[in-house]
Every structure is written in structure tokens, then in C-alpha cells.
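Okay, structure first, notes after.
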Amino acid sequence: IYGLTEIYGPGIGISCREHDGMHIWSDYVYCEIVDAKTGKVLPDGEVGELVLTTLRKQGAPLIRYRTHDPTRIIPGTCACGLDHPRIDTLVGRTDDMIKVKGCNMFPAQIEEVLKFVDGASSEYQVMIEAVNGRDVLELLFESELTGAERDACEREVAAVFKAKIGCTPKATAGPLGELPRSEKKTRRIFDSRY
Numbered sequence: 003i004y005g006l007t008e009i010y011g012p013g014i015g016i017s018c019r020e021h022d023g024m025h026i027w028s029d030y031v032y033c034e035i036v037d038a039k040t041g042k043v044l045p046d047g048e049v050g051e052l053v054l055t056t057l058r059k060q061g062a063p064l065i066r067y068r069t070h071d072p073t074r075i076i077p078g079t080c081a082c083g084l085d086h087p088r089i090d091t092l093v094g095r096t097d098d099m100i101k102v103k104g105c106n107m108f109p110a111q112i113e114e115v116l117k118f119v120d121g122a123s124s125e126y127q128v129m130i131e132a133v134n135g136r137d138v139l140e141l142l143f144e145s146e147l148t149g150a151e152r153d154a155c156e157r158e159v160a161a162v163f164k165a166k167i168g169c170t171p172k173a174t175a176g177p178l179g180e181l182p183r184s185e186k187k188t189r190r191i192f193d194s195r196y
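Taken in order, the sequence shown gives residues 3 to 196; the numbers are from this note's numbering.
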């Protein structure tokens, strides 16, 4: 189910039995995908920011409301037979997006990489810096593994990161409890390029 507090109700979109995106109720809301920087409308299939206009909300209508949710309109019709447009699964928020080495990445994607690799914990930090005009990304994570097993875990994390996100980090595992924790939201990404 996809919904926003600003629109009220149980949601404006839902997955069907085909599980190929979420149908947006186009009789209640008009959706567009725009370039997050320029606001230019993008064609179906291209990833951008979801922008919504309510069609039946009378008290406080939303007109071209920027959701900060990156997605795309899935081209074509769904095999389930519904003709409502479909948006793809959301991976994060445009205001959480980081661009490194030409790749757009979100914290949720990094968390997925670490879940995928046995021996890697969910605690991590990303250090980004510019060295000789090139982006360098180091992914620090915790692991209970030691020695050769830890080295293998680092290589696997780097390979999965490359496969799922598109760029290769320097993956460095440290012992459990090494990375700082906070009672509030822990800062995980440190970008010193700017």
C-alpha cells in the first residue's frame, strides 16, 4: 500500500496479485515523475521524483505536490487487467539520496547489501571523500568474523554492493561494537567531498 499523510485515507495505491508495482488510483490522484533537480516531467520508465495532484480532495487539494519519493511509472498494462498506472517499489527518499561515482544510492540499499551477506552486521558507516578529483567510498561495517573469514566477508560485501548499487566501495569490517551508536537517529554517512 502506498499513501501519504497529506492525502489522508488508507492509501492511494496498492499492489495487485501480479506484484509488479503498485497501482495508483488515477481517478483520485494524478501522478507524474519529474527530475528532482529541474522539475522536468520524465517519460514512463525513467526514475525520478513522484509528484501528485489530487483530483477529488476539496478542503486542501494538493497541486503538483513533491513527495521526495524516487520511483518510476512502469510502462505498459498490468497482467491483472487493471488499467490504473503503476509505480515501482520505492527505495528511499530523494532527500536521502547520495551520488557517488555516478551512482545514485540510498541508505536502504546499503542496509539490503549488509542483510544479504552472512557475517556482516547491520551497523555501518559510509565515508566519502574526493582524492585527486575522484570519489572514494569506504563502507565500514561490523562483523564477528576474524582473519581470513573477515577478509572474505569484506570481498563479498564489496561485490554485492557493486552488483546491487553499481559502484565498488572499499569494504572494511571491524569488530562488533566498534561503530558509534546513538539513542537518536545514528548518522551513518559522512561526505567530506564538499
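Cβ atoms here follow ideal geometry from the backbone N, Cα and C, with glycine treated the same way.
The Cβ atoms of leucine 116 and alanine 122 sit closer than 8 Å to each other.
Contact between the stretch 82-101 and the stretch 150-166 is absent: fewer than 3 CB-CB pairs across the two stretches fall below 8 Å.
Assignment of glutamate 34 by DSSP, reduced to helix, strand and coil, places it in the strand class. By the Cβ rule, the stretch 74-84 does not count as touching the stretch 132-140, because fewer than three pairs are nearer than 8 Å. Bounds of any alpha helix (DSSP H) do not take in glutamate 131; it lies within the beta strand (DSSP E) bounded by 126-133. The beta-carbon distance between serine 194 and glutamate 131, rounded to whole angstroms, is 5 Å. This is short enough to meet the 8 Å contact definition. A residue is called buried when at least 16 other Cβ atoms come within 10 angstroms of its Cβ; tyrosine 10 does not meet this threshold and is exposed.
The secondary-structure analysis by DSSP pairs histidine 21 with nothing; it has no beta-bridge partner. In the three-state reduction of the DSSP assignment, proline 109 falls in the helix class, which pools H, G and I. Annotation note: the stretch 24-99 contains the following uninterrupted beta strand (DSSP E) runs of length 3 or greater, listed N- to C-terminal: 24-26, 31-36, 50-56, 67-73.
Here valine 43 has Glu34, Val36 as same chain residues with Cβ atoms under 6 Å from its own Cβ, once five neighbours each way along the sequence are excluded. In the three-state scheme derived from DSSP, where H, G and I count as helix and E and B as strand, arginine 157 is classed as helix. The beta carbon of cysteine 155 is closer than 7 Å to those of Val119, Gly121, Ala122, Ser145, Leu147, Ala175 in its chain, skipping five residues each way along the sequence.
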